Amino acid sequence: MSSCPVDPILTFSSVLFETTCSMPDTHIVCSRTTVRRFGLTAGWIPASIVMLLGLSVLVLGPGLVRQVIHEREREVVLEASDRLAEGNVLELINQASRDIARKVEPSVVHVSTAGALGERGFFTSSGSGWVYDAQGHVITNAHVVASARDIEIQFQNGERRPARFIGSDVRSDIAVLRVDPVRMHPAERSIEIPEQGELVYAFGSPFDFRFSMSSGIVSGLGRSAGLATLDTENFIQVDAAVNPGNSGGPLCDVRGRVIGMNTAIATGRNSQVGDEGQFAGIALAIPTRMIELIVDQIIAGGEVVKGYLGVQMVTIAPPPTPAPSGLNPKLRRVYDSFEGVGVLVTDVPSDGPAAQAGVRAGDVILSIDGVSVAQVDNVAAQVGFRLPGSRISLELWRMGSVGEDPRRLMIDVVLGTMNPGVIYGEIVEYLRTIGLLELATLTPDLARERGIAWVPGVLVLSSASGTPIQAGEVIRSVSNESISSLEDLYTRIRTARTRILRSFSGTNVPLTLGVEGSDGQIRNLQIPLR
Numbered sequence: 079m080s081s082c083p084v085d086p087i088l089t090f091s092s093v094l095f096e097t098t099c100s101m102p103d104t105h106i107v108c109s110r111t112t113v114r115r116f117g118l119t120a121g122w123i124p125a126s127i128v129m130l131l132g133l134s135v136l137v138l139g140p141g142l143v144r145q146v147i148h149e150r151e152r153e154v155v156l157e158a159s160d161r162l163a164e165g166n167v168l169e170l171i172n173q174a175s176r177d178i179a180r181k182v183e184p185s186v187v188h189v190s191t192a193g194a195l196g197e198r199g200f201f202t203s204s205g206s207g208w209v210y211d212a213q214g215h216v217i218t219n220a221h222v223v224a225s226a227r228d229i230e231i232q233f234q235n236g237e238r239r240p241a242r243f244i245g246s247d248v249r250s251d252i253a254v255l256r257v258d259p260v261r262m263h264p265a266e267r268s269i270e271i272p273e274q275g276e277l278v279y280a281f282g283s284p285f286d287f288r289f290s291m292s293s294g295i296v297s298g299l300g301r302s303a304g305l306a307t308l309d310t311e312n313f314i315q316v317d318a319a320v321n322p323g324n325s326g327g328p329l330c331d332v333r334g335r336v337i338g339m340n341t342a343i344a345t346g347r348n349s350q351v352g353d354e355g356q357f358a359g360i361a362l363a364i365p366t367r368m369i370e371l372i373v374d375q376i377i378a379g380g381e382v383v384k385g386y387l388g389v390q391m392v393t394i395a396p397p398p399t400p401a402p403s404g405l406n407p408k409l410r411r412v413y414d415s416f417e418g419v420g421v422l423v424t425d426v427p428s429d430g431p432a433a434q435a436g437v438r439a440g441d442v443i444l445s446i447d448g449v450s451v452a453q454v455d456n457v458a459a460q461v462g463f464r465l466p467g468s469r470i471s472l473e474l475w476r477m478g479s480v481g482e483d484p485r486r487l488m489i490d491v492v493l494g495t496m497n498p499g500v501i502y503g504e505i506v507e508y509l510r511t512i513g514l515l516e517l518a519t520l521t522p523d524l525a526r527e528r529g530i531a532w533v534p535g536v537l538v539l540s541s542a543s544g545t546p547i548q549a550g551e552v553i554r555s556v557s558n559e560s561i562s563s564l565e566d567l568y569t570r571i572r573t574a575r576t577r578i579l580r581s582f583s584g585t586n587v588p589l590t591l592g593v594e595g596s597d598g599q600i601r602n603l604q605i606p607l608r
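Converting from the sequence shown to our numbering requires adding 78 to each position, the first position being numbered 1.
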């Protein structure tokens, strides 16, 4: 018998798989032989190899896999690094944020205040503000400087300057200060109405962390927080972090322009104006358009005046909310019949601008100058943005007579001037009962006419005999909170009376007025709270 041809591959296969081969054409038969090595037969060799390979995979496999993964990760890192080094959108955003900070921060100020607290005590507080113009005017919230006797501002470069209180409008929470107008960087302003989703940046001194910056987006527009101290609420709602100390700081857009002023935050319990509460994702800012309307009047030295429509209204709530109590049958029928979003006019004084233009009780206001209104505060905000004499266009829904379909109509109204004495009638009567018969905002023109120095406050024109406040004296504060106009006086007294009566029910707690006499000295007088 001839020997079996040797084929390396065939031999490996024969050993590995224990196969036999036959070559019939040459009658060569390869028979299986037994090979003994280390006490094993050839039949056990393939199984040993499998076990060795398995053990190799178990021992060496994880390391090899990790090495492969590492190399792949390294490639990804290098590729990402190369792309980032070439520039990307995030770097552009990063640079833009830095540029906004560099542009805005020199116009931001930290406001420090100090004042008397009772007869022997004193207090210190702080807030934020921003440079309005090159004449040294600085804007902040009225509540930041409400009780201040001394005011100091600090610029980003560390420079400090004393500031003088020029005036305020309590009902819009805006105050104007003035400093020595040198080396100033006035902020660029924009009265453009931002859109929901736009990026915004809030500046200020939250918790006294001075000259801080936070970012977010515009969450909503035309917001109302139901704050009793404000009569015009048309806030910009943002989610940029705003905390106590941010009050008065600017809210800016992506071009570094001031579009509003940080004023209020919503906490887990309610909205806050002042130094209470902590940020809960909702911050409110006064739009620049409203700020300019108020500030320019204060700087001009005149009394702040706002547009007056001359209507009383209620918000029409969606079903199934019932109509408010007190509506007469006709108004209730309108309230129940109207479907949509609007504000129901419940009364129209005959001598007011709306009545003269043809607006009636029972009309539903749908929009003002094309801007939809969903609640009473929206109407007040639209009117409050305008000066007396401005013309607005009302879109109304009017119910027809029996058998007639309701119709929509447009009516133009020329706004009148809001008379604080009408709105605060009970306060006017209260002041008369304590002997303050005739009062007026002390403007520079009135001061010159009377031959007295001008200071922010309310001039007593006439008082009853025996009243401790005499004609010619100036009321400067209510409960240690500054005032600069007749409306401020009424607002402060109403707020103080409400707070005192609520806190000290049944107790005779007097109201404190800060009065400046002809000698320039300020004395605190306590008047009965009735």
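Yeah, the Cβ is synthetic: ideal placement off N, Cα and C, and Gly gets one too. Quick caveat: nothing in here was measured; it's all calculated off a predicted structure.
Proximity below 8 Å, CB of residue i to CB of residue j
{"i": "Leu514", "j": "Ser541", "result": "yes"}
{"i": "Gly282", "j": "Arg227", "result": "no"}
{"i": "Val442", "j": "Val412", "result": "yes"}
{"i": "Glu381", "j": "Ser563", "result": "yes"}
{"i": "Ala265", "j": "Val209", "result": "yes"}
{"i": "Gln599", "j": "Thr590", "result": "no"}
{"i": "Val556", "j": "Arg570", "result": "yes"}
{"i": "Val383", "j": "Ala435", "result": "no"}
{"i": "Gly338", "j": "Ser206", "result": "no"}
{"i": "Gly592", "j": "Asn602", "result": "yes"}
{"i": "Ala318", "j": "Val278", "result": "yes"}
{"i": "Ile489", "j": "Tyr568", "result": "no"}
{"i": "Val167", "j": "Ile229", "result": "no"}
{"i": "Val254", "j": "Ser325", "result": "no"}
{"i": "Val538", "j": "Gly550", "result": "yes"}
{"i": "Ile178", "j": "Gly334", "result": "yes"}
{"i": "Val332", "j": "Arg267", "result": "no"}
{"i": "Asp251", "j": "Ile364", "result": "yes"}
{"i": "Ala212", "j": "Met291", "result": "no"}
{"i": "Ala361", "j": "Ala280", "result": "yes"}
Spatial neighbours of residue i in its chain, beta-carbon cut-off 7 Å, leaving aside the 5 residues before and after
{"i": "Gly494", "result": "Tyr386, Gly388, Gly430, Pro431, Pro466"}
{"i": "Phe200", "result": "Ala192, Gly193, Ala194"}
{"i": "Arg258", "result": "The amino acid at residue 258 is misidentified as Arg; the sequence shows Asp. Same-chain partners within the cutoff: Gly214, Arg239."}
{"i": "Arg367", "result": "Ile269, Phe463"}
{"i": "Asn172", "result": "none"}
{"i": "Pro606", "result": "Ile512, Pro588"}
{"i": "Glu452", "result": "Strictly speaking, residue 452 in this sequence is Ala, with Glu absent from that position. Answer for Ala452: Val419, listed in chain order."}
Those residues which DSSP pairs with residue i across a bridge
{"i": "Arg621", "result": "Residue coverage of the chain in this structure runs from 79 to 608, which leaves residue 621 outside it and unanswerable."}
{"i": "His188", "result": "Ser206, Gln232"}
{"i": "Tyr386", "result": "Gly494"}
{"i": "Ala262", "result": "At residue 262 the sequence reads Met, which differs from the Ala that was named. Paired residue(s): none; Met262 is not in a bridge."}
{"i": "Phe313", "result": "Arg301"}
{"i": "Asn340", "result": "Ala363"}
{"i": "Thr424", "result": "Per DSSP, none; premise fails for Thr424."}
{"i": "Tyr279", "result": "Ser293, Cys330"}
{"i": "Gly245", "result": "Val254"}
{"i": "Ile446", "result": "Val449, Leu472"}
{"i": "Pro240", "result": "Glu230"}
{"i": "Leu487", "result": "Leu474"}
{"i": "Val538", "result": "Leu517"}
{"i": "His215", "result": "Arg256"}
{"i": "Leu195", "result": "Gly199"}
{"i": "Val392", "result": "Leu422"}
{"i": "Ser268", "result": "BP columns for Ser268 are empty, so no partner."}
{"i": "Val552", "result": "Leu537, Glu594"}
Other residues of its chain near residue i: CB distance less than 8 Å, five sequence neighbours each side excluded
{"i": "Val454", "result": "Met391, Val392, Thr393, Val421"}
{"i": "Gly275", "result": "Ile295, Val296"}
{"i": "Ala433", "result": "Gly388, Val426, Pro427"}
{"i": "Ile547", "result": "Gly513, Leu514, Val538, Ser541, Ile553, Leu591, Val593, Leu603"}
{"i": "Leu517", "result": "Leu509, Val536, Leu537, Val538, Leu539, Ile553, Leu564, Leu567"}
{"i": "Arg400", "result": "The amino acid occupying residue 400 in the given sequence is Pro; Arg does not appear at that position. None."}
CB contact check: residue i to chain D, cutoff 8 Å
{"i": "Leu387", "result": "No chain D is present in this structure, which holds just one protein chain."}
Cβ-based neighbour list, residue i, same chain, cut-off 6 Å, excluding 5 preceding and 5 following
{"i": "Val423", "result": "Val389, Met391, Ala439, Asp441"}
{"i": "Asn312", "result": "Gly300, Ala459"}
{"i": "Asp447", "result": "Ile470, Ser471"}
{"i": "Pro86", "result": "Residue placement at Pro86 is flagged as unreliable, the pLDDT there being 36, under the threshold of 50; the coordinate-derived value follows with that caveat. If we look at Pro86 and ignore the five residues flanking it on each side, it has no Cβ neighbours."}
{"i": "Met496", "result": "Lys384, Tyr386"}
{"i": "Ala241", "result": "Ile229, Ile231, Leu255, Val257"}
Any non-hydrogen atom of the ligand HEM closer than 7 Å to residue i Cβ
{"i": "Gly379", "result": "Summarising the ligand content, the structure contains no ligands, and the ligand HEM is consequently not present."}
*Using 8 Å as the Cβ pair cut-off and three pairs as the minimum, do the stretch 461–477 and the stretch 498–517 touch?*
With the rule of 3 Cβ pairs closer than 8 Å, the stretch 461–477 does not count as touching the stretch 498–517.
*Just list the beta strand (DSSP E) runs in the stretch 558–604, keeping only unbroken ones of 3 residues or longer that don't cross its boundaries, in chain order.*
The qualifying runs are 589–594.
*Tell me, please, whether the stretch 366–373 touches the stretch 245–262 by the rule of three or more beta-carbon pairs shorter than 8 Å.*
Three or more beta-carbon pairs separated by less than 8 Å link the stretch 366–373 to the stretch 245–262, which places the two stretches in contact.
*Contact the stretch 184–191 vs the stretch 150–161: 3+ CB pairs below 8 Å*: Cβ pair count under 8 Å is below three, so no.
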